[in-house]
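The structure appears below as structure tokens.
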Amino acid sequence: LVRIFERFYRVNEGRTRITGGSGLGLSIVKNAVLFHKGSIIAKNRSEGGLWFLMTFPKLK
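In this note's numbering, each residue carries its 1-based index in the sequence shown increased by 16.
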């Protein structure tokens with residue numbers, strides 16, 4: 017799962033041919049979260065798919 021936040025990384029090449037995409041989406045999200053001093057993690061879900069958690073520092 018570590019690689020899914022890399023620029024241009026695609027998990028399943030066959031699937032992306034059908035759905036399209038550049039492989040930049042999660043990289044952009046990660047950079048936006050880090051810019052705001054937050055963090056993001058991804059975990060596999062037992063029923064399939066991924067679960068994402070983003071945390072941000074509390075506003076003053």
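Built from N, CA and C at the ideal position, the CB exists for glycine as well.
Worksheet entry | C-beta contact flag for R23 and S55 at 9 Å | No; because the gap between Cβ atoms is not below 9 Å, this pair is not in contact.
Worksheet item: Quick one: Cα of A48 to Cα of R19, how far?
Response: Straight through space, the alpha carbons of R19 and A48 are spaced by roughly 17 Å.
Practice prompt. Return the first residue and the last residue of the alpha helix (DSSP H) that S38 is part of.
Written response: No alpha helix (DSSP H) contains S38, which DSSP labels as neither H nor E.
Worksheet item: In this structure, does DSSP put L75 in helix, strand or coil?
Response: Judged by DSSP in its simplified three-state form, L75 adopts coil rather than helix or strand.
Practice prompt. Could you check which residue in R26, K76, L17 and T71 has the C-alpha nearest to that of L50?
Written response: Shortest Cα-Cα distance from L50 to any of R26, K76, L17 and T71 involves T71.
Worksheet entry | Of the residues H52, Y25 and F68, the one placed nearest K59, counting alpha carbons only | In terms of CA proximity to K59, F68 leads the group H52, Y25 and F68.
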